[in-house]
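At position 72 of the sequence shown (counting the first as 1) the number is 71 in numbering that gives the first Met the number 0, and the numbers step up by one without a gap. Using N, Cα and C, we set each Cβ at its ideal position, and we do this for glycine too.
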Amino acid sequence: MDKLRDKINSLRAEAEAANGRADTAEDALKKFSNQQTEREQELVSLQNRIALLEAEADRRDAQLSEAKQLQKDSEATLNQSDVLIRKVDTLEDKLDSTETQLRDALENARRLDLENEKLQRTIIQHEKDKERLELKYENLHKDFAEAKDELERTLNSLSDL
């Protein structure tokens, strides 16, 4: 009888442990889902920033082309040439800066894509673990119910004696 009680207690402990692991897995899944959502929002934000930076680069390319054309057209005086050269240099510096920002943003977007893929794989693994733990919990619950029924039958037969 003590063995049966010990077995029941053991099954209860296993069921509680399985419930704890399932809760932990669900919490981890929620955490990773939230992280993925944040990463996706960050990715969208960076993609928007990339689009803005590309538009800025195009605008600055156009400005640079315009400035170079003005430089060619206004070589009448040395002062005007010097002013235009400085403007072109400034625009080229801004273009270089914008291109650097664009490269950095693209690299960040690639990094976020890789992190997003990693998180998706982790979520899939956690979902598999959750399903496995739920199946184990159901089996333990079934075993517990069977052990409980067997205990009741044994107690009834003992009381009949």
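Since Leu42 is in the alpha helix (DSSP H), which residue starts that stretch and which ends it?
-> Counted from its first residue, the sequence shown places residue 42 at position 43. Its alpha helix (DSSP H) spans residues Asp1 to Asp72.
Just how far apart, CA to CA, sit Leu3 and Gln40?
-> As a position in the sequence shown, residue 3 is number 4, starting the count at 1. As a position in the sequence shown, residue 40 is number 41, starting the count at 1. Computed Cα separation, rounded: 55 Å.
Give the secondary structure of Leu160 by DSSP, where H, G and I count as helix, E and B as strand, and everything else as coil.
-> Here residue 160 corresponds to residue number 161 of the sequence shown, with the count starting at 1. Note: Leu160 maps to coil in three-state DSSP.
Contact check, Ala56 vs Leu94, beta carbons under 8 Å = Residue mapping note: residue 56 aligns to position 57 of the sequence shown, counting from 1. Residue mapping note: residue 94 aligns to position 95 of the sequence shown, counting from 1. Yes, they are a contact pair.
Closer than 6 Å by C-beta to Ile7: which residues in its own chain qualify, once you throw out the five before and the five after it? Chain order, please.
-> On the sequence shown, position 8 is the one that residue 7 refers to. Ala146, listed in sequence order.
Hey, is the region 116-136 in contact with the region 8-21, meaning 3+ C-beta pairs nearer than 8 Å?
-> The region 116-136 vs the region 8-21: in contact.
Can you tell me the Cα-Cα spacing of Arg152 and Arg11, whole angstroms?
-> Your numbering for residue 152 matches position 153 in the sequence shown. Your numbering for residue 11 matches position 12 in the sequence shown. One C-alpha to the other measures close to 19 Å.
Kindly indicate which residue of Leu113, Asp128, Asp159 and Leu154 has the alpha-carbon position closest to the one of Asp1.
-> As a position in the sequence shown, residue 1 is number 2, starting the count at 1. Ranking the options by Cα distance to Asp1, first place goes to Leu154.
C-beta atoms of Ala27 and Phe143 nearer than 8 Å | Numbered from 1 along the sequence shown, position 28 holds the residue referred to as residue 27. Numbered from 1 along the sequence shown, position 144 holds the residue referred to as residue 143. No, the Cβ-Cβ distance between Ala27 and Phe143 is not below 8 Å.
Leu83, buried or exposed, once every other Cβ within 10 Å from all chains shown has been counted against 16 = Translated into positions along the sequence shown, residue 83 becomes position 84. That one is buried.
Which one of His125, Asp112, Arg58 and Ala50 has the shortest CA to CA distance from Thr36?
-> For the purposes of this step, residue 36 is taken as the residue at position 37 of the sequence shown. The option with the nearest alpha carbon to Thr36 is Asp112.
Exposed or buried, what is Arg52 when buried is set at 16 or more other beta-carbons lying within 10 Å of its beta-carbon?
-> Your numbering for residue 52 matches position 53 in the sequence shown. The sequence given here places Leu at residue 52; Arg does not occur at that position. Buried.
Could you tell me the distance, in whole angstroms, from the CA atom of Glu171 to the CA atom of Asp5?
-> A query on residue 171 cannot be resolved here, the shown segment of the chain reaching from 0 to 160 and no further.
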